[in-house]
Each structure stands twice: as C-alpha cells, then as structure tokens.
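Student: Structure in structure tokens, see below.
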Amino acid sequence: MISAVMTPSRTNRSFLFEWWRSIDHISLAFLVCLIGAGLVLSMASSPAASARMNVIDPFHFLYRHAMFAGLGLLGAFTVSTLSVQNARRIAVLALFGAIILMLYVMFNGHTVKGATRWLRFGSFSLQPSEFVKPAFIVFAAWMFSAQKRDPNVPGVMLVFIIYMALIAILLQQPDFGQSFLLTLCFAAVFFFAGLSLGWMLFLMGVSILGSMGAFFVLPHVRDRVMKFLNTDGDNYQTDKAIEAISSGGFLGKGPGEGTVKFRLPDGHTDFIFAIVSEEFGFLLSMCLVALLAAFVLRAFRNALRLNDYFCQLAVAGLATMIGIQTIINLYVNLKMAPPKGMTLPFISYGGSSMLALCLAAGLILAFTRRRPGAYGYGQ
Amino acid sequence: MNRSSFNKGPTDKKRVNKGLVSKRPVNKLPFKRPPVKLPDAHMQNPHMQIPHMVVADKEFEAVSEGRIRIRIGMFTFVFMLVIFVLRFAEISLFTALETKRSLPPQITTTRADIFDRNGEMLATTLQTYSLFAEPKRVWNVQETADRLLEIFPNQERSALISKLSSNRDFVWLQRGLTPQMKQVVFDIGLPGIDFRIEPKRVYPLGHTASHIIGFTDLDLRGRGGAERAFDTHLSSVNAPPKTLSIDIRVQHALSEALRVGLARYKANSNSGVVLNIKTGEILAMASLPNYNPNNVAAFSDDSRFNHASMSTYDLGSVFKPITMALALETGVTDLTEEFPVQDPLKVRNNLIRDDHYSAKPMAMPEILAQSSNRGTALLAIRSGAQAQIKMLKDLGLFDRVPFELLENAKPQLQSEWQDITLVTVSYGHGISVTPLALAVAMGALLNGGEYIAPTIAKRSAANPAQPKRVVSEQTSQHIRDLMRFVVTDGTGKNAAVKGYGVMGKTGTADKPSYGGYDEKRLVSSFVGAFPYEDPTYLVMITYDEPKIIKGISNRATAGWNAAPTTRNVIERIAPILGVERRLDPIAMSPFSKGSFPNESALP
C-alpha cells in the first residue's frame, strides 16, 4: 500500500519481493550464517551429549536442534515481514503471553535441577522466561518513546511496574541468571533512552542490593559465586571448558576428534564454545565470535541510522540483549564470569532460547526494514 | 488516509496531526547512503551544519542523543569483546596443555553373555574393582604406602610412594581386584584411596573356542569373533544372552585332536570345522595356534588368525567330488564309463600327472578312490567350463562364506577361465578357498543336494536354514557312495571308524610358489562325513605344511595326517552327537567288491 502510493510501478510486485527489497540483507545473511554454523557445530556436540545422557541415537540433539533452527528461521522470517506497528504488537502480545505462561508455570511447571521454569509439551519443554526478554525490551522502547512524544503517557512508570513484576516472578522460580540479564537489558534500553544520572544510580543501587540479596537468599547463587571465587574448589565444568579450549590450540584437534567434550556437562548448550574451540581451534572459533559480533554491531549500526525513536531504542535494546548474552556466555567459557546458564545466541542447543533469539532477530529485521523516512535523517 | 500512510511511522503521523510537518524533504531513496559521510560532530548539532533541515522537534533531539548513547553501548560491547579475545588467545594459544588427568568416568557398560547350544557359558561380564588414589587427599603417604604393601606385596614401595605423593589428580594403584581384595583394602579405611567398578569380560573356556567367541577391548567393545559379529546385539541395553551354534564338547574334542596332530606332524598350523550339514550350524571350528581371550595382549597376531575361515588354500583333490557331481548332474557320463587314464594328457602344453599311475582305464569310482587327476580332468572337460562355473557358484565357492563372523576371507579365483583352468580347478588347483567354504560346499553335495548357508548362531525361528537346491538327490546319493568307497577302498582308509560308516576324500596340494608349485611344501586336508545311512555331520581337517613321519609313510599326504586326525575327531564326537555305533555290518559302497563283507573286515 505504501509503495503503491510512492511509485505506481511497484504495485504489481509481490509480497516476497517487497520483503526482499526492504530487508537488511547483511543482517539477514549474518543470521542465516549463524544458525547454519550452529547446526554444523551441533554435529560435534550432539554425539557427546547423547553419550553422556545415554541417548542411543548419537544425533538425537542434532535433529532436534535442526528442527528448532528451522522453526526459528521461519519465525524470524514471519516476524520480519510485519510492519513496525504489527511487530511491536506481536512483541507486546508475546510479553503478556509470556507473563501469563510464567504465572501458570509457577503453579503447574516442570521442575528441573530445583528450578521450576518449564512447561512440558510431550518431549518438548518451553521456558517462557526466554521470550520475556526481547518482548520486554520492545515494550520498554515503546513506552519510553511514547512518553518522549507525549509527556502525559506514564511510560516509565508502566515499564517499572512490569519490570518489577517480571523480576518477582523470575526470582521466585528461582532464576537469578535471567533476572540479571533482564535487568541489564532494561538498564541498557533505559540508558539509550536518555536515562538521567539519578535514575542510573537508583538502578545500580537496586541491582547491587538485588545481587547481594540473591547471594544471601538463594543458595544456588551463593554456591555458584563461591565456587567461582574459590579457585581450589570444585569447578568441574569450567575447568573442563578451559581444558578443552587449551587443548584445541590454533587449528583445533579436527572435527569429531574432541575428547574433553565427553566429560563436559552442558557441552551442547552453555559450553558449546569450549567444544568448538577444542575441535576447530582458535582461528575458526574467532570466526564464530566475529560473526556474532558482526550481527550485533550491524544491528547497532542500523539503530544509529534509524530516524524513528522507538525503532532506534528497540533495535539497540535487542542488539544489546544478544550482545550481553554473547559476552556472558563467552566469559563463562573462559572462567571470567560465574556459570550462569546462559546460552550462546543462535549456536547453543536449546529450543526456547533458539526460538526467543529468532524472535529477537525477526524483530530487529522488521524494525530495520527500509521504508520511506526510516533512514537518512540528519545525513 | 493517503497522506498519513505516506510517511509511515508514529513520528510522522503525529507531526501531521499536530500540523508540525517538518520541512525536511522526504528522502526518495532512503536506502542509498549519501556519498559523503559527515563527521560525528555534525550529528550532534545538525542545525548549524545542514541549513536546509529545520527541525524543531523533541523527538529529533532524543534520537540524536540516543545515537551518542548507542555509540557508548557499542563501544562497551567491543571493549568487552576485545578483553575476551585477549584472554581467549592467551588460553588457546599460549597455555601449555595441562597434563593432569582427572578421574576417569564411571563405566556403566553392560554386555550380554554368550552361551553354546547347550547353555554352557562361553563369555560373561564380571564386575571387578580398580583401586586408585587421589594424592591430594592422602593424609599420610608413608603410612598409606605401608598399609597397601601389606595387601599388595608385589608393589614396589618407592614407586607407590611417588605415586601417592604425585601432583596428579588421581593415579591407578591396582586394577582388576576381586571383591575379597576390595573388601580388605576397604577395611583399612585410609583416606584418599577409592575404587572404581570396572566391568571385565571373562571367558571360562580359555583357549578352546577363542576364534569363534572372539574377544573385547577394555571398553567391552567386540574386537573379534562372535563378540565382534554380534557386537550390536551384545552391547545393547538389557540384551538377552546370545546362543551360538557351537557345542562346546565337540569344540573341545576338535581342539584336542588338532593340538595332538599339530605336534605330531609338526605343521605350521592346522584347522578344523565340524558342520551339521542338515542345518548349516557350525558345531565346532578351531584353528591352531590360538590364543586366550582372557588375556589377548599376551598373544601374537598370528595366533588370532582363524585359519579355518581366513586362510585360503589350493585345497587339491578334496575338490574332486565336486567334479564328479558336475559330471553326473550334467549327464555327460555315468558311473560305469571307463576313462583312458593310462594315456598321457596334455592341456596347453601342460602334462597332467597322476600320483598313482594306473595301467588300465578307470571308471568314476576308481578315479575318485585312486584320486586320479587325469580322470577328473577328463570328466571336467566333458562337462564344460560354463557348467563348472555355475556349479562352483551354486556351492558358494566364488564368494565369501555368507556367515556372521567378520574373519571371513574371499576366495582367490582365476581372472580368466581357460581350458587349463577348467582342468586344474577340477582337482582343486588354481582356486584358493577357505577350509570352511569347502566344508560347506561338500555339505551341500552330501546332505541331499541342498546348499545351506552356515551359521554360528543356533538355529531358531529367527535364524532359519534356507536350503537352495544345487544337485539332485540322486547325484547326492552317488556322491555319498563314491566318498564311502574312498574310505573303504581308496586313499581315505585311515579315516575309517568302525561302526560309523565314514565317507570322505583326501586332498594333498603343493603350495603355490614362484611361478609354480613347491612339491616340498604341502597343504593336506580331509573332508569326512558320517553316518553313511544318513549323512548329518561333516568334519574338515586341514594341515598347513605337515612333515613326514619316518616309519609310517614316505610322503606327508593327507591320507597320513589329515585322515587319521579326522578319524580321531569322529571317534570322539560321534557318541557326543548321539550317533549310535552300529554293531551290525554297515552297508559298503555299491562299488565295493563284496557288498556286505563279514564284520571283521569292516572299516
């Protein structure tokens, strides 16, 4: 409809052509490469994970990963075809849907390793809290931009209420890692939105107090931090990860030649980077990191150029989320941060995480689509 | 409507509503970047730098400020990433690989047992305990070492102390402890030493059936014999035990006879197969030298070689019954036609020689009993190459024996089937097959004429015999009569066992050598079957380079080594297999002079 008004010659162009014309090809290419790389690397991690968990089919996790990757790509594509308004609506719907599911999980959830975070559907389990992060970022960006435009909108207040509610639910699960990441993302969007010094101090105070509170109240958080700080202690996972990385060297041991992976719990999820380093070495692992960084930086670059305040905030916020998640995961693999159960975006095995990140990527693609007046402001 | 959708996005919509449309021109090509990139400073205050843009809107300021803040965010991200890359490079490239070993994972592999056809255990899995120390947790190295030395006096004290005080996370002290030993160590209650349960594969029979049962590696993966052939079944979770076709009593008798024979005839190696020719079940298969699967590493590679199914030989005259069957089946002759074996026979400038010269023509029974190469060659020439090839193929001699073991050699065949090939193959030269392959082929000629693929798994509904007719029942009956005649009146007299009506055929072949055959190095074999009235069991014995025994014969031919060994085997296994020794006269072959001789003359 828009293009019809602008240039009549485009009226007969198809929907797909219109999408292809307006999408940011570079971001899309990065996304597809990342998901493809995740699939290839799953071939390395899947047999080890199957062996550890006594799954008979060595490629059990590869098949599931491929299914989620396919679903995720399809989802990202679908979301990226939406207009800005519709994409925002989807995100806000996702936010409230996820909150409702989290409340449901609170009472009827599936407990794994002492945490109630999952909804079970047959052999699949869904973690609604994964979807909360991108949805909340978009919601916050919307509220901030709305308030900027019309000071009568109580945007900041609404965002804070939702944020508090989310944190309360997450801590109750308990999921300190996700609360931490959510807080960071929230702070980033807030910061991009022109947060004042007072607010900044307030948020920092809240997170420091919150972290200390978590440390004393949640035993598994205290356990992990103490393990991390205490170098003599039992750091089995991270020690194995370091062993894997150092044994890989510059060119790696070769695909399928990894041995540490059979002794590395969560090798296919949180510690996939260690497995990749062992088998493919420094060089190719750096290519993977570069690809992730490129996707994030491309999103940031697009955010810089967008004219629309909401889109700018949302894209920067989503990019920050993926960036923070990448950084934390990589730091955990190198024993530079306490293990927190954070996946490597688009690469790690994990259905909810993959789908949520694809939602985020789809939203980024939707918000950065070329359209009249979207870019070039001030330049 | 058109107007509002023209500039899509909330910003423009609102401006339209408020009547504050900026004078900023609508960018017709928003996707192309302008060729000149403005420095950052311009973005902060575009009013001054770009005069044609008059922007008086709060949102624009917000966007501009947002850009600065996003740049800060980007910078932070890149900074964190750089720190990561530095640390990653340090660990990945500049850290020497730590050699410390952590505790081995607990092995929880299970493996199903293997039984013989009567339920005797051939292989099982036992739990053993392996003792290890975690030096960091050992309180008192000296005391721990002394206490352990009381239990393991064989250990070196200094070595033990250095192990217990080493820098490693764990060290093995003693592997494969019995439960009693484990309890003794457990009772001393020292800190820092502990056990790992390790499954161990145990073969109660030791050497006896080593090549059939095979062995596993330390991780309990099948590495030979049935262990490898049925690895998928045996290693699957909660698998039922595997029952093999072999009968351990027969296996033991065969191994024992081979052991005695190998020492007596000083051969390089020998092998034997006992086959139930009605079901195709291999009741016993042995090859010497062999090994003890409980301790594979202590034996040479040669000993792990199963000659019965892995070695291919030019087996010689044991092939002759096949040529007889061929001639009878094609109908080119009958049992009474006499062939001029006294005349020299030349094929492509090669003289066909006979070991036992005959001055008069012979018919088929005599040709076989005297093992005449010329006579057999004449039969083959009469039958033709095409029929011969088809017969050999039908008997499975052109391919690997289709059974479970992976130790299974392919036959060696001539690439071209010339007339000389037709002739030499008729008496078992110029074709190299395994003893097992020949045993199976002979079984097909003797069991009524049906080829049955052999098996080492006990026949059951899931593993049925699938007979395939090769020759007629009548031909099969003739072959029985002919082979009975060999034992009663021919070269196979030494294989006769009183009361069992043994049939058989000797085969002595010169071993191939450079460009020809070496008459000093022989492969001698005997294929025997019993009982004559209802042939059910077949014994195939092969010697590789047997030596002459002074005072018995002046040649190491099969009649003097493989045939007596076959007799020894049949004497022992026939009662085990429930074949009754007959006291009444056994029918002689119809070709014998007296059809029912008196009992004292019975072989």
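Read top to bottom, the protein sequences are chains A and B.
Going from the first sequence to our numbering is simple: count from 1 and add 1349.
Going from the second sequence to our numbering is simple: count from 1 and add 45.
Cβ atoms here follow ideal geometry from the backbone N, Cα and C, with glycine treated the same way.
In this text, all values refer to a predicted model and were calculated from it rather than measured experimentally.
Counting only beta-carbon separations shorter than 9 Å, does A:Lys1482 have a partner in chain B?
Tutor: Locating residue 1482 of chain A in the first sequence gives position 133, counting from the first residue. By this cut-off, A:Lys1482 is not an interface position.
Student: Can you list the residues of chain B that A:Met1685 reaches, using a CB-CB cut of under 7 Å?
Tutor: Locating residue 1685 of chain A in the first sequence gives position 336, counting from the first residue. Neighbours of A:Met1685 in chain B, taken as residues at a C-beta separation under 7 Å, are given in chain order as Arg132.
Student: Report the option in A:Cys1636, A:Gly1607, A:Leu1704, A:Lys1684 whose CA atom is closest to the CA atom of A:Cys1382.
Tutor: Counting from 1 along the first sequence, the entry for residue 1382 of chain A is found at position 33. That would be A:Cys1636, whose Cα lies nearest to the Cα of A:Cys1382.
Student: Is the Cβ-Cβ distance between B:Ala608 and B:Asp359 less than 9 Å?
Tutor: Counted from its first residue, the second sequence places residue 608 of chain B at position 563. Counted from its first residue, the second sequence places residue 359 of chain B at position 314. No, Cβ-Cβ distance for B:Ala608 and B:Asp359 is not below 9 Å.
Student: Write down every uninterrupted run of the alpha helix (DSSP H) in the segment 1379 to 1440 of chain A whose length is 4 residues or greater and which is fully enclosed by it, in chain order.
Tutor: You should have 1409 to 1429.
Student: Any beta-carbon of chain B closer than 9 Å to the one on A:Val1638?
Tutor: The residue you call residue 1638 of chain A lines up with position 289 of the first sequence. For A:Val1638, the answer is yes, since a Cβ of chain B falls inside 9 Å of its Cβ.
Student: Leaving out the 5 sequence neighbours to the left and right, which residues in its chain are closer than 7 Å to B:Lys73 when beta-carbon positions are compared?
Tutor: As a working note, residue 73 of chain B is residue 28 in the second sequence. With a pLDDT of only 45 at B:Lys73, under 50, the local geometry of the prediction cannot be trusted, and no value is derived from it.
Student: Taking one C-beta from the segment 422 to 440 of chain B and one from the segment 238 to 253 of chain B each time, how about it: are there three or more such pairs within less than 8 Å?
Tutor: No contact exists between the segment 422 to 440 of chain B and the segment 238 to 253 of chain B.
Student: I'd like to know whether the C-beta atoms of A:Phe1535 and A:Leu1662 end up nearer to each other than 9 Å.
Tutor: As a working mapping, residue 1535 of chain A is identified with position 186 in the first sequence. As a working mapping, residue 1662 of chain A is identified with position 313 in the first sequence. Taking 9 Å as the Cβ cut-off, A:Phe1535 and A:Leu1662 do not qualify as a contacting pair.
Student: What is the rounded straight-line gap between the Cα of A:Ile1372 and the Cα of A:Arg1647?
Tutor: In the first sequence, counting from the first residue as 1, residue 1372 of chain A sits at position 23. In the first sequence, counting from the first residue as 1, residue 1647 of chain A sits at position 298. In a straight line, the C-alpha of A:Ile1372 is about 13 Å away from that of A:Arg1647.
Student: Go ahead and label A:Trp1491 buried or exposed: buried means 16 or more other beta carbons lie within 10 angstroms of its beta carbon, across all protein chains shown.
Tutor: Position 142 of the first sequence, counted from the first residue, corresponds to residue 1491 of chain A. Flag for A:Trp1491 reads buried.
Student: So, under 8 Å CB-CB, A:Ala1590 and A:Asn1682 are touching, yes? Tell me the CB distance rounded to an integer number of Å.
Tutor: Position 241 of the first sequence, counting from 1, holds the residue named residue 1590 of chain A. Position 333 of the first sequence, counting from 1, holds the residue named residue 1682 of chain A. With a Cβ gap of about 5 Å, A:Ala1590 and A:Asn1682 count as contacting.
Student: What residue range is occupied by the uninterrupted beta strand (DSSP E) comprising B:Lys245?
Tutor: On the second sequence, residue 245 of chain B is found 200 positions in, with the first residue counted as 1. Its beta strand (DSSP E) spans residues 238 to 247.
Student: Quick one: what's B:Ala178 bridged to in DSSP?
Tutor: Working through the second sequence from its first residue, we reach residue 178 of chain B at position 133. In the DSSP output, where bridge partners are listed per residue, B:Ala178 has B:Val216, B:Ile238.
Student: Counting C-beta neighbours from all protein chains within 10 Å, is the total for A:Gln1527 16 or more, i.e. buried, or is it exposed?
Tutor: Taking the first sequence and counting its residues from 1, the one referred to as residue 1527 of chain A is at position 178. It counts as buried.
Student: Classify B:Val478: buried if its beta carbon has 16 or more other beta carbons within 10 angstroms, exposed otherwise.
Tutor: Sequence index remark: in the second sequence, residue 478 of chain B carries index 433 (1-based). Counting Cβ neighbours within 10 Å, B:Val478 comes out buried, since at least 16 surround it.
Student: Where does A:Met1549 land, buried or exposed, given buried means 16+ other C-beta within 10 angstroms?
Tutor: Here residue 1549 of chain A is taken as the residue at index 200 of the first sequence, counted from 1. Under this definition A:Met1549 is an exposed residue.
Student: To which residues does DSSP link B:Asn321 through a beta bridge?
Tutor: As a first step, residue 321 of chain B must be located in the second sequence, where it is residue number 276. B:Asn321 is bridged to B:Tyr582.
Student: Please report how far the alpha carbon of B:Leu467 lies from the alpha carbon of B:Asn351, in whole angstroms.
Tutor: Counted from its first residue, the second sequence places residue 467 of chain B at position 422. Counted from its first residue, the second sequence places residue 351 of chain B at position 306. Approximately 30 Å, taken between the alpha carbons.
Student: Need the endpoints of the alpha helix (DSSP H) that B:Glu564 sits in, please.
Tutor: Counted from its first residue, the second sequence places residue 564 of chain B at position 519. Run containing B:Glu564: none in the alpha helix (DSSP H); it sits in the beta strand (DSSP E), 561 to 575.
Student: Residues of chain A with a CB under 8 Å from the CB of B:Ile115: which are they?
Tutor: Start at 1 with the first residue of the second sequence, and residue 115 of chain B comes out as number 70. Ordered by position in chain A, the residues that pass the 8 Å Cβ test against B:Ile115 are Phe1541, Phe1649, Ala1652, Leu1653, Gln1661, Ala1665.
Student: Using three-state DSSP, classify B:Arg600 as helix, strand or coil.
Tutor: Here residue 600 of chain B is taken as the residue at index 555 of the second sequence, counted from 1. Three-state result, B:Arg600: coil.
Student: List, in order along the chain, the chain A residues whose C-beta lies closer than 8 Å to that of B:Phe129?
Tutor: As a working note, residue 129 of chain B is residue 84 in the second sequence. Per Cβ cutoff of 8 Å: Val1638, Ile1676, Leu1679, Tyr1680, Leu1683, Met1685.
Student: How many whole angstroms separate the CB atoms of B:Ser570 and B:Val363, which I take to be in contact at a CB cut-off of 8 Å?
Tutor: If you number the second sequence from 1, residue 570 of chain B lands on position 525. If you number the second sequence from 1, residue 363 of chain B lands on position 318. Between B:Val363 and B:Ser570 the Cβ distance is about 6 Å, and since that is below 8 Å, they are a contact.
Student: Residue ranges of each alpha helix (DSSP H) run of no fewer than 4 residues wholly in the segment 1436 to 1524 of chain A, ordered along the chain?
Tutor: 1477 to 1498, 1504 to 1521
Student: B:Glu188 to B:Arg213, Cα distance in whole Å?
Tutor: Indexing the second sequence from 1 puts residue 188 of chain B at position 143. Indexing the second sequence from 1 puts residue 213 of chain B at position 168. Rounded to the nearest angstrom, the two C-alpha atoms are 19 Å apart.
Student: If the criterion is Cβ atoms closer than 9 Å, does the pair B:Ile322 and B:Pro580 meet it?
Tutor: Here the question's residue 322 of chain B lines up with position 277 in the second sequence. Here the question's residue 580 of chain B lines up with position 535 in the second sequence. In this structure, B:Pro580 lies closer than 9 Å to B:Ile322 by Cβ.
Student: Starting from B:Val186, trace the alpha helix (DSSP H) both ways and give me its first and last residue.
Tutor: To locate residue 186 of chain B, count along the second sequence from 1; it is residue 141. Per DSSP, B:Val186 belongs to the alpha helix (DSSP H) from 186 to 196.
Student: Return the residue from the list B:Asp464, B:Ile117, B:His252, B:Ile615 that minimises the CA-CA distance to B:Asn340.
Tutor: Walking along the second sequence from the start, residue 340 of chain B turns up at place 295. Checked all of B:Asp464, B:Ile117, B:His252, B:Ile615; the closest Cα to B:Asn340 is B:His252.
Student: So with CB distances below 8 Å, who are the chain B contacts of A:Val1645?
Tutor: As a first step, residue 1645 of chain A is located in the first sequence; it is residue number 296 there, counting from the start. Residues of chain B passing the Cβ test: Phe122.
Student: With 8 Å as the C-beta to C-beta threshold (strictly closer), list the residues of the segment 197 to 227 of chain B near chain A in chain order.
Tutor: none
Student: Which complete alpha helix (DSSP H) runs does the segment 1593 to 1660 of chain A hold, if anything under 4 residues is left out?
Tutor: 1621 to 1654
Student: Would DSSP call B:Thr375 helix, strand or coil?
Tutor: Numbered from 1 along the second sequence, position 330 holds the residue referred to as residue 375 of chain B. Of the three classes helix, strand and coil, the one that applies to B:Thr375 here is helix, per DSSP.
Student: Going along chain A in order, which residues have a C-beta closer than 8 Å to the C-beta of B:Ser137?
Tutor: Your numbering for residue 137 of chain B matches position 92 in the second sequence. Per Cβ cutoff of 8 Å: Ile1594, Ser1595, Gly1597, Gly1598, Phe1599, Ser1626, Gly1630, Phe1631, Ser1634.
Student: Where B:Arg304 and B:Val614 are concerned, what is the direct C-alpha to C-alpha distance, given to the nearest angstrom?
Tutor: Along the second sequence, one-based indexing puts residue 304 of chain B at 259. Along the second sequence, one-based indexing puts residue 614 of chain B at 569. Approximately 11 Å, taken between the alpha carbons.
Student: In this structure, does DSSP put B:Ala554 in helix, strand or coil?
Tutor: Position 509 of the second sequence, counting from 1, holds the residue named residue 554 of chain B. The answer is strand: DSSP assigns B:Ala554 an E or B state.
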